[in-house]
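Chains as they are written, first to last, in full-length UniProt numbering: chain A, 1 to 305; chain B, 1 to 347.
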Amino acid sequence: MTDRRRINGPPSGTRPPVFAAGADRPAVRPVRQRQPTELRKLFLKTGLIPSASGSAYLEFEPSASLAAARATPTSLIPPSSALKLTCTVHGPKPLPRSAAYSPNLVLTTHVKYAPFAARQRKGHIRDASERDLGVHLETALRGAIIAERWPKSALEITVTILEAEDDRWYGDAPDAHDASWGMMNVLAGCITAASAAIADARIDCLDLVAGGVAAMVYAEEEEEKGGEEPRGRKLMLDTDPAEHRSIGSACVVAYMPARDEITELWLKGDSGGSHEGLIDGAVDAARGAHGVLAEAVREGLSVTN
Amino acid sequence: MQKASSASQTPHLSPAELSYLYTSLALPGAPIRPDGRSPTQFRPLCAETGILPGTNGSARIGFADGTQAIVGVKAEVERTDSGELSGSSSWVQISVEIPGFRDDDALPVFLSEMMREALGGVDSDTETDTGSETGLKGRLVINRRWHWRLYIDVLLLSQPLSYPLPLLSLTTHLALLSTKLPKLKSQGEEDPFFDDDWEVAQNLYPRHSTTVAPPITLLVVSVGENIIFDPNREEIAVADAVMAVSVTRSEKNSSAKSNAEEGNLALKPNPKLKLLSIRTIDPPSRLTQPGVPDAENATTGDEEVAGVWRPRRGGVKRAVVANMVQLVLGEVGEEVLQGLEGFSVHT
Chain A
1 MTDRRRINGP
11 PSGTRPPVFA
21 AGADRPAVRP
31 VRQRQPTELR
41 KLFLKTGLIP
51 SASGSAYLEF
61 EPSASLAAAR
71 ATPTSLIPPS
81 SALKLTCTVH
91 GPKPLPRSAA
101 YSPNLVLTTH
111 VKYAPFAARQ
121 RKGHIRDASE
131 RDLGVHLETA
141 LRGAIIAERW
151 PKSALEITVT
161 ILEAEDDRWY
171 GDAPDAHDAS
181 WGMMNVLAGC
191 ITAASAAIAD
201 ARIDCLDLVA
211 GGVAAMVYAE
221 EEEEKGGEEP
231 RGRKLMLDTD
241 PAEHRSIGSA
251 CVVAYMPARD
261 EITELWLKGD
271 SGGSHEGLID
281 GAVDAARGAH
291 GVLAEAVREG
301 LSVTN
Chain B
1 MQKASSASQT
11 PHLSPAELSY
21 LYTSLALPGA
31 PIRPDGRSPT
41 QFRPLCAETG
51 ILPGTNGSAR
61 IGFADGTQAI
71 VGVKAEVERT
81 DSGELSGSSS
91 WVQISVEIPG
101 FRDDDALPVF
111 LSEMMREALG
121 GVDSDTETDT
131 GSETGLKGRL
141 VINRRWHWRL
151 YIDVLLLSQP
161 LSYPLPLLSL
171 TTHLALLSTK
181 LPKLKSQGEE
191 DPFFDDDWEV
201 AQNLYPRHST
211 TVAPPITLLV
221 VSVGENIIFD
231 PNREEIAVAD
241 AVMAVSVTRS
251 EKNSSAKSNA
261 EEGNLALKPN
271 PKLKLLSIRT
281 IDPPSRLTQP
291 GVPDAENATT
301 GDEEVAGVWR
311 PRRGGVKRAV
321 VANMVQLVLG
331 EVGEEVLQGL
341 EGFSVHT
């Protein structure tokens, strides 16, 4: 029986209407305005969540097209998205009595997208890609933390992604390139933010570990039409997947500049033999992020002391 | 409790044993492995293909340490929605089952993501300019409106004694090599119609080809300066860095054209193999118990004392990663692919 006394909403959720752009104003793919080696600006602040022993908030600068679309909206659909995430660190706290003895700090990482973070809604239960990100983050951080100084203790790191990077431009067909390139940017952001939060929680580390992304990008279509030779590949740092039609391969690293060491490396795609250049590019991007990271940690210390 | 780590469970070795293992594996130039293998030598394995009659392709591999895996590949015809001719990675579905782990535990999730990454292949973009597909998903296209959907079910039969990735990857490789799809009778854009004679079914991957092969994922560890392939459980336990490197055969043997495009960045150790992905795996050596040097408190002293085990800290140098990849793309990857090709496949 339906309830006739109240005016009920529709049984399932509704979506706001989205009107397709008219023929007079087709949707335009955002174009990268930065130089190939120019990174997006980062906003990073520590100590925002008082109940956690350490926390950090990270935000990427919106791309030029996104900023323009926000200033003078022409469409309901934003052309691209900018990463926003928070990270909290709880601990070190004693392991539960039932747990087995551990001579080292036991690290657990959770990465969760907020349901509204991406264009496609994410459920409340972590899916495979979120678990995968958690494992990557754990690998990146475990190399930096000096774990044997906290025997029998646990450290919980939780990253909530408020706005995720797109995997591709929304106007492309869903199968156009199906690798999740946006995940790599998200991971780099997670690493940088988690590192700041761990420093905020005063956990001993070898160095602040920063994340960086680089990608081999194929030249745009317009150039391809001119000459029939195969499309050239170009190394770009800190790529926004929405801005590129096809990405050949991408790489994310977690890098400690003081030791010149990589704690996490995730490379995907065929780089045509130039994987070393790709890794070096990602390391350069991580170096850039490290500057901001060190400054944010220093700032956090001067506020509390 | 702490089973969630991506690294396999650490074996219960004492700090003294760990230190002994590490020292012998880190000997400059000539590591001594516990089982006497050379650094690039693989453990003996026995394999068979075509063992499951209900599948399109199947394989079983057993390693000498008693770990075994079975892979079954099943294919279904499905309608393509988007008219895409380059294929989509969602057409390949992988499930990995490991006894003692839940489906959503970190290890099975990580393993299946890693294998999906290699198989799903992000290589469609590179292949469009040559006009042919070497990737798996391109092979699944029947015509503009129909494609094959592949279900790859990976089952580890034994406990994961060592990190099970190479075993699962090699078994999947063999199963895909033995996979046969019914012969197509219809032509062009017609609805697909197949020959019902299984004898004339066609291989998904051509046999004895030097240009195409299913991808393989190899586990490589570094100990000190040395790089070691196919590590067993004890060797992983002391490794400084553990990497999973996926490679496949490349169609472009004479790739001078694309090399010129990339400028002098290109460094091609062997143009026949191409890199698909690299992933770091958390080395279990970070979780081990430190040894306590004589007359010293472990919590105060930080310097390394020779012969006293300390859990590994920090990451891996870029030069080591480059070395690993070069070895995989060089003779080792080729040798593994040829070795697997050598297994007789039931027809």
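Cβ atoms here follow ideal geometry from the backbone N, Cα and C, with glycine treated the same way.
Collapsing the DSSP output to three states places E331(B) in a helix. Of the residues L111(B), G138(B), I142(B), the one whose Cα lies closest to the Cα of S186(B) is I142(B). Under the three-state reduction of DSSP output, E97(B) falls in the strand class. Secondary structure within the region 179-223 of chain B: the beta strand (DSSP E) runs of 3 or more consecutive residues, fully enclosed, are 216-223 (chain order).
In its chain, beyond the 5 residues on either side, A52, S53, E156 have a beta carbon closer than 7 Å to the beta carbon of H90(A). Residue contact check for W150(A) against chain B: no CB pair falls below 8 Å.
Annotation for G29(B): no beta strand (DSSP E) segment contains it, and DSSP assigns it neither H nor E. In summary, F43(A) is exposed, with fewer than 16 beta-carbon neighbours lying within 10 Å of its beta-carbon over all protein chains present.
Annotation: K137(B) to L25(B) spans about 40 Å, alpha carbon to alpha carbon. L39(A) and V336(B) have their C-alpha atoms roughly 40 Å apart.
Distance check between F101(B) and each of N323(B), D81(B), L157(B) places L157(B) closest, using alpha-carbon atoms only. Following the DSSP letters along the chain, one finds V247(B) inside the beta strand (DSSP E) bounded by residues 241-249.
Where P94(A) is concerned, the enclosing beta strand (DSSP E) starts and stops at 84-94.
Beta bridge pairing from DSSP links M324(B) with no other residue. Cβ atoms of G248(A) and G269(A) come within 8 Å of each other, at about 6 Å.
Listed along chain B, the residues sitting closer than 8 Å to I262(A) by beta-carbon distance are T280, G315, V316, K317, R318, V321.
The count of Cβ pairs closer than 8 Å, one atom from the region 144-152 of chain B and one from the region 24-39 of chain B, stays below three, leaving the stretches out of contact.
One finds nothing in chain B with a Cβ atom closer than 7 Å to the Cβ of S153(A); even the nearest lies about 12 Å away. Note: V238(B) is not bridge-paired with any residue in the DSSP secondary-structure output. Non-local C-beta neighbours of A118(A) in its own chain, meaning closer than 7 Å and more than five positions away in sequence, comprise A164, ordered along the chain.
In the DSSP assignment, no residue is bridged to A71(A). Its Cα nearest to that of I216(B), the residue V245(B) stands out among V245(B), F193(B), E225(B), I236(B). Residue-level contact check: L275(B) touches chain A, since one or more beta carbons of chain A fall below 8 Å from its beta carbon. If you draw a 10 Å sphere on the C-beta of F63(B), you find 16 or more other C-beta atoms in it, and that means buried.
The residues W91, W146, H147, W148, R149, in chain order, have a CB closer than 8 Å to that of E78(B) in the same chain once the five nearest residues on each side in sequence are set aside. Contacts between D204(A) and chain B, judged by CB atoms closer than 8 Å, are missing: the closest CB pair is about 10 Å apart.
By DSSP's assignment, D153(B) forms a beta bridge with G72(B), S95(B).
Contact between L204(B) and F194(B) fails: their C-beta atoms lie close to 14 Å from each other, not under 8 Å. Where R60(B) is concerned, the enclosing beta strand (DSSP E) starts and stops at 57-63. By the C-beta criterion, the region 115-129 of chain A is judged not to be in contact with the region 193-204 of chain A, since fewer than 3 inter-stretch pairs fall below 8 Å. Shown here for P151(A): same chain residues with a beta carbon closer than 6 Å to its own, the five before and five after excluded, namely P103 in chain order. Of all residues in the region 259-288 of chain A, those with a C-beta nearer than 8 Å to a C-beta of chain B are R259, D260, E261, I262, T263, E264, L265, W266, L267, K268, G269, D270, S271, G272, G273, S274, H275, E276, G277, I279, D280, V283, reading in chain order. Taking each of P293(B), L176(B), H208(B), I94(B) in turn and checking the Cα distance to V154(B), the smallest one comes out for I94(B). Burial state of H124(A) is exposed, judged by a 10 Å Cβ sphere holding fewer than 16 other Cβ atoms. Of the residues assessed, N8(A) falls on the exposed side of the cut-off, its CB having fewer than 16 other CB atoms within 10 angstroms. D132, G134, V135, H136, E138, T139, A140, R142, G143, A144, I145, I146, A147, E148, R149: these are the residues of the region 132-150 of chain A whose beta carbon lies less than 9 Å from some beta carbon of chain B, given in chain order.
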